[in-house]
Amino acid sequence: MKKIASIIFAAMLGASFVSTAAFASPEKGQRIYQKKLKKVCGFNGAKFAAKHTQDEWEEIHDAGKFEDEIQKLCPKYKKGYLKKSQLEHVYDFAYEYASDSGNVPSC
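FYI, my numbering numbers position 77 of the sequence shown as 110, with every residue one higher than the one before it.
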């Protein structure tokens, strides 16, 4: 019984250390875009997100090419400018407001 309780406790403790990617949010991504990328890109977040559909953004992200895509869309962007956690939030923002989503951000 004690061993089972220890295993359950260890599993719960391990689950509490999941990556920040699991908690990425479009709202944080929008704020990061406004603060860090709007000047670099030269256009607002709505235009950035609308560059691709949700499926396209997902494919780019899953292939590990999201930061490369930012650099392609925003030539002044330097790789490594955003932290990995910030990139996850910006991805969620781009996905949430993609061209086929029907959502429009307030930026």
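Just so you know, even glycine gets a beta-carbon here, dropped at the ideal spot from N, CA and C.
From a predicted model like this one, the values you see are computed outputs, not experimental measurements.
query: Quick one: residues in its chain with C-beta nearer than 6 angstroms to the C-beta of I65, no 5 flanking neighbours on either side, listed in chain order?; result: Q119, H122 and V123
query: Output needed for K112: all residues of its chain with C-beta closer than 7 angstroms, excluding positions within five of it in sequence on either side, in chain order.; result: E100 and Q104
query: Determine the direct distance from the alpha carbon of K98 to that of E92, and round the result to whole angstroms.; result: 9 angstroms
query: Thinking C-beta only, is G78 closer than 8 angstroms to Q67?; result: yes
query: Distance, Cα to Cα, D95 vs E89?; result: 10 angstroms
query: Do T86 and A57 have their beta-carbon atoms positioned less than 8 angstroms apart in this structure?; result: no
query: Let me know the beta strand (DSSP E) ranges lying completely inside the segment 58–105, each 3 residues or longer, listed in chain order.; result: none
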